[in-house]
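Everything on this sheet refers to the single structure shown next.
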Amino acid sequence: MSRARSVTISVVSHAPRSSSPTPSTRSQEPNGVKQLKDRHRRMTVCGAYDGPRFQSSSPSDTESIKSTTFDSPEQCPPSPAWSFISGTSSTSSVKSVQFSESNDPMEPGQYAPNTPKPSPKPILKRREVNNARMTSLFDAEAPLMAARAAIDSVLHALVACVKEFKPPTELDFSATTEQQPLILADSIANKPFTEQRCKLAGLRLELTEIPTQGDEALEEKHRAATAAIDEALKRMNEYQAKLLKKASAISAVTESRIALDNLLDTLDEIVQSFQFPSELDFQAESEKNGMVLINTERNKQFMDQLRKLDRLRVWLEGILTFGNPDFEQKRDEAYAAVEDAIRDMQQHQHNLWKQSIAAEALDKLLRSVIAHVSEFEYPFTLDFPTNAGNGELSLLSTARNQKFVKQLHVLERFRDQLVKIETQGNEQLEKKRQGVSSAIGVSLQKLKKHQHELQEKAGTRIAIGTQAKTVSKPDEDPVRSRSRLTTTTAAQSKKIITSAQEVAFWTPGDLTPVEPPPATEGQETKPAKGSETPRSG
Numbered sequence: 000m001s002r003a004r005s006v007t008i009s010v011v012s013h014a015p016r017s018s019s020p021t022p023s024t025r026s027q028e029p030n031g032v033k034q035l036k037d038r039h040r041r042m043t044v045c046g047a048y049d050g051p052r053f054q055s056s057s058p059s060d061t062e063s064i065k066s067t068t069f070d071s072p073e074q075c076p077p078s079p080a081w082s083f084i085s086g087t088s089s090t091s092s093v094k095s096v097q098f099s100e101s102n103d104p105m106e107p108g109q110y111a112p113n114t115p116k117p118s119p120k121p122i123l124k125r126r127e128v129n130n131a132r133m134t135s136l137f138d139a140e141a142p143l144m145a146a147r148a149a150i151d152s153v154l155h156a157l158v159a160c161v162k163e164f165k166p167p168t169e170l171d172f173s174a175t176t177e178q179q180p181l182i183l184a185d186s187i188a189n190k191p192f193t194e195q196r197c198k199l200a201g202l203r204l205e206l207t208e209i210p211t212q213g214d215e216a217l218e219e220k221h222r223a224a225t226a227a228i229d230e231a232l233k234r235m236n237e238y239q240a241k242l243l244k245k246a247s248a249i250s251a252v253t254e255s256r257i258a259l260d261n262l263l264d265t266l267d268e269i270v271q272s273f274q275f276p277s278e279l280d281f282q283a284e285s286e287k288n289g290m291v292l293i294n295t296e297r298n299k300q301f302m303d304q305l306r307k308l309d310r311l312r313v314w315l316e317g318i319l320t321f322g323n324p325d326f327e328q329k330r331d332e333a334y335a336a337v338e339d340a341i342r343d344m345q346q347h348q349h350n351l352w353k354q355s356i357a358a359e360a361l362d363k364l365l366r367s368v369i370a371h372v373s374e375f376e377y378p379f380t381l382d383f384p385t386n387a388g389n390g391e392l393s394l395l396s397t398a399r400n401q402k403f404v405k406q407l408h409v410l411e412r413f414r415d416q417l418v419k420i421e422t423q424g425n426e427q428l429e430k431k432r433q434g435v436s437s438a439i440g441v442s443l444q445k446l447k448k449h450q451h452e453l454q455e456k457a458g459t460r461i462a463i464g465t466q467a468k469t470v471s472k473p474d475e476d477p478v479r480s481r482s483r484l485t486t487t488t489a490a491q492s493k494k495i496i497t498s499a500q501e502v503a504f505w506t507p508g509d510l511t512p513v514e515p516p517p518a519t520e521g522q523e524t525k526p527a528k529g530s531e532t533p534r535s536g
């Protein structure tokens, strides 16, 4: 018994798709297929063959051929094996028909005639074949179809790229500048973001290389894809700008805090190291404006200190708080500290200004005292009231006494001016004030001593004259005569100065001269000649 051989061949069928079962008998096959089968029925597969390729199965006494029918030669599959048969290339459905050497038909699923069928298997759905891929490259529509497919591929890649990307919460902007705000540093933190941007840029470059062949629909699709990529890049740039703004705000707050801390340290160092001067040089007319300093070596250190504090104040005004309450409070405290330091400087300058005015006033007063005292006159005689005595110093308001009394009034005015001068607790001014007070006191003491000496002489002369008058009138009542000699009342006499301790604190009005007493009966008063004894009537 000869061994049967089974050969399988695939033939593309051109029959239209139908739900009816595929015919399995030879009578229903097209003539072309029949001729092909007759021609290659006993053909042995060997070597490289340009025609239909046959697969030899296991040795068998029967030969099986799987063929596919065609309705037209144009629907043959695009392969060299079928080019010489049909002369064209196209896509079509595939049908299987098996034949044996005995010309007995084989049912679908059989490997040889008269053999049992295998167990049924689920029928797989026929896969739809992309017409663009199956289209011949020599067709006029092939470039357009390829361009559409390429654009679709770019769009699919764009969607996948955008969906898979997770935006970072922060970026490293150490290499970013105002001139190049989109430049990012090459760091690990920026790597996912920069890679995403590179992917989008690559898709855009790939899209620009796809030709549109002048087709309007394809150009519109190309523009839409380009706009989608540009929009994705724009969103990335906007997100980067948002992160940059956030990072800049955080960086600015940090820089402001550092600047504020540095300012406070600088302020503390300036205040602690500065020593207030004991005196300053002011303008000649400093009484009008004591806050103006002249540029001298003595004032240089003080003026430099004021400039430093003023620069700190300007620096502090430029520090932003960004609406942070704690930061605003800290800046306000720093501003108050700077203002207090400047205010202390100005107060010290004001005190020195007042001290300079006081020192100048004391010097001027002392010069005036010395000038007036040097011109004082000490007369040989003065007119005193007749009842002067018991240590009381009083003068009559006469022409002889006028110059002496005026000198006393001058010293009184000097004393009043001295009381009004404030020394601000300055030791040097206190010493200077005591010197002026001592000069005034010495002059007053000298005038007082001269007045006292003249008053004693006048009292002696009055007493001698009274005794002589009493002797010349023995019949006169002694009591009446004695009372007439002491008729000067307390209201008509004023105390000039009572003790040496009151020289520096001599109150105004103490040197008011008294009027001469009125003439009494039987007595003739001559103020200019107090030393003469009155004649009796």
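Residue 0 is where the sequence shown starts when you use numbering that gives the first Met the number 0, and the numbers rise one by one after that.
C-beta: ideal position from N, C-alpha, C; glycine also.
Query	Result
Residue span of the alpha helix (DSSP H) that contains Q195, given as start and end	190 to 207
Distance between G424 and N350 (C-alpha atoms, nearest Å)	10 Å
Selected residue, minimal CA-CA separation from K353, among R412, F281, L305	F281
Unbroken stretches of the alpha helix (DSSP H), 4 residues or longer, contained in the segment 209 to 293	215 to 272
Rounded C-alpha distance that separates D151 from L199	15 Å
C-beta contact flag for K307 and I269 at 8 Å	yes
Straight-line Cα distance separating L394 from N400	7 Å
Secondary structure of T459, DSSP reduced to three states	helix
Euclidean distance between Cα positions of A333 and L259	8 Å
C-beta contact flag for L206 and I228 at 8 Å	yes
P142, enclosing alpha helix (DSSP H) - first and last residue	141 to 163
Alpha carbon of H221 to alpha carbon of A159, nearest angstrom	18 Å
Sufficient close CB pairs (3 or more, under 8 Å) joining the segment 242 to 258 to the segment 310 to 330	yes
Between the CA atoms of I369 and E376 - distance to the nearest angstrom	14 Å
CB contact flag (A188, L170, <8 Å)	yes
Backbone secondary structure at D325 - three-state DSSP	helix
Rounded separation between L336 and L311 - CA only	Note that residue 336 corresponds to Ala in the displayed sequence, not to Leu. Cα-Cα distance, rounded: 10 Å.
Beta-carbon spacing of Q416, L446 below 8 Å	no
Beta carbon of Q239 nearer than 8 Å to that of F273	no
Span of the alpha helix (DSSP H), counted from its first residue to its last, around D185	Where D185 is concerned, there is no enclosing alpha helix (DSSP H), given that its DSSP letter is neither H nor E.
Spatial distance of Q271 from K431 (CA atoms)	32 Å
A335 - DSSP class collapsed to helix/strand/coil	helix
C-beta atoms of L217 and T211 nearer than 8 Å	yes
Through-space distance from P324 to L292, alpha-carbon basis	40 Å
Collapsed DSSP secondary structure at A174 in the structure displayed	coil
Length of the line joining the Cα atoms of D185 and I341	49 Å
Of the listed residues A231, D339, D214, A223, nearest to D267 (C-alpha basis)	D339
Residue range of the unbroken alpha helix (DSSP H) whose run includes N298	296 to 316
Residue burial classification, Q454 (beta-carbon count within 10 angstroms, cutoff 16)	buried
As assigned by DSSP and simplified to three states, the class of E426	helix
Which listed residue (Q450, G289, L143) has its alpha carbon closest to that of Q345	G289
Proximal residues to P166 (C-beta, below 7 Å), its chain only, five neighbours per side dropped	Y238
Under the three-state DSSP convention, the category Q179 falls into	coil
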